[in-house]
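Visitor: Just add 122 to the spot in the sequence shown (first one is 1) and you have the numbering used here.
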Amino acid sequence: AHQVSQDGEDNENPTQTADGKWIVYMSGNGKQPGLWKVHPDGTGGTCIVPGTNILLPDVSPDGQYVAYLHQANALEGTIRVARVEDGSAVPFTIPIQSSLNAAVTQGRTRWTPDGKHLVFTAMDAKGRFGVAIQDFVPGKDTRASRRILAGFDPDWITESLGLSPDGKHLVLSESERVFSVMVAEGTGIVPRRGAVR
């Protein structure tokens, strides 16, 4: 193991091009936030999409594009796409809605093996969370192609996902929606009634 990024602050969600040439990641450094790419040996670090609230990058199978979430606030975001080579914006977006009760960030994205679709975490009209799929066609509004794949259970919140290299298997990471009151006894803070100290 060796260190690749050197900006001294929060670096998250690395994703690598299939040829191994670039690692793309999110930087939370207040002086240079955004999406960065760097060679695996730590050289060539370049900010390709500057800005704050840019999260969850995922590189396309051909290494040409990176999908990411631009989070406007806790309730709204947009999945956007940029070119890995120079960071130029690709005319394609997917609006993402969330909820203050989610406790996780929606809009985590994975590419299908052919690079023609984006699979992503999202919230439906009933406020349930799961995974949807939508066609990726630069310059075209493909919202009509969106369909539900998995999740959207009222008792669970889909947090993350993984797609097998052949596209045949989808894995979900979910958290249980539980709001409970608990009693902890025997903490030693206050002796139990009748207990000898």
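Where is the CB? At the ideal position from N, CA and C, for every residue including glycine.
1) Please name the residue or residues paired with residue 180 in a DSSP beta bridge.
2) Could you tell me the distance, in whole angstroms, from the CA atom of residue 138 to the CA atom of residue 303?
3) Terminal residues of the continuous beta strand (DSSP E) containing residue 244?
4) I need the DSSP call for residue 232, collapsed to helix, strand or coil.
5) Quick one: is residue 195 buried, meaning 16 or more other Cβ sit within 10 Å of its Cβ, or exposed?
6) Please tell me whether residue 157 and residue 145 are closer than 8 Å, where the distance is taken between their beta carbons.
7) Could I get the ranges of all uninterrupted beta strand (DSSP E) runs contained in the region 261-298, with 3 residues as the minimum, in chain order?
8) Per DSSP, which one or two residues make a beta bridge with residue 133?
9) For residue 251, which residues does DSSP report across the bridge?
10) Assess contact between the region 279-293 and the region 246-263, defined as three or more Cβ pairs (one per stretch) separated by less than 8 Å. Is contact present?
11) If I follow the unbroken beta strand (DSSP E) through residue 198, where does it start and stop?
12) Which whole-angstrom value describes the C-beta separation of residue 240 and residue 271, a residue pair presumed to lie in contact below a C-beta threshold of 8 Å?
13) Can you determine whether any heavy atom of the ligand ZN sits closer than 7 Å to the C-beta of residue 154, and answer yes or no?
14) Run through DSSP, which three-state label would residue 171 get?
15) Can you look up residue 218 in the DSSP assignment and give me helix, strand or coil?
16) Give the straight-line distance between the Cα atoms of residue 244 and residue 219, rounded to the nearest whole angstrom.
17) Return the first residue and the last residue of the beta strand (DSSP E) that residue 156 is part of.
18) Nearest-angstrom Cα distance between residue 164 and residue 127?
19) Should residue 131 go down as buried or exposed, given a rule of 16 or more other Cβ atoms within 10 Å for buried?
Guide: Straight from the coordinates:
1) Residue 180 is bridged to 189.
2) Distance from the CA atom of residue 138 to the CA atom of residue 303, rounded to whole angstroms, is 43 Å.
3) Segment 239-245, the beta strand (DSSP E) holding residue 244.
4) Correct three-state label for residue 232: strand.
5) Answer is exposed; the Cβ neighbour count stays below 16.
6) Cβ atoms of residue 157 and residue 145: not closer than 8 Å.
7) Fully enclosed beta strand (DSSP E) runs of 3 or longer: 269-273, 278-285 and 292-298.
8) According to DSSP, which records beta bridges pairwise, residue 133 is partnered with 149.
9) Answer is 245.
10) Yes, they touch.
11) According to the DSSP assignment, residue 198 belongs to the beta strand (DSSP E) that extends over 198-205.
12) A Cβ-Cβ separation of about 11 Å leaves residue 240 out of contact with residue 271 under the 8 Å criterion.
13) Only the bare structure without any ligand can be found here, which leaves the ligand ZN out of the picture.
14) Three-state DSSP puts residue 171 in a strand.
15) Residue 218 falls in the strand class under three-state DSSP.
16) Cα-Cα distance, rounded: 7 Å.
17) Per DSSP, residue 156 belongs to the beta strand (DSSP E) from 156-160.
18) One C-alpha to the other measures close to 6 Å.
19) Residue 131 should be labelled exposed.
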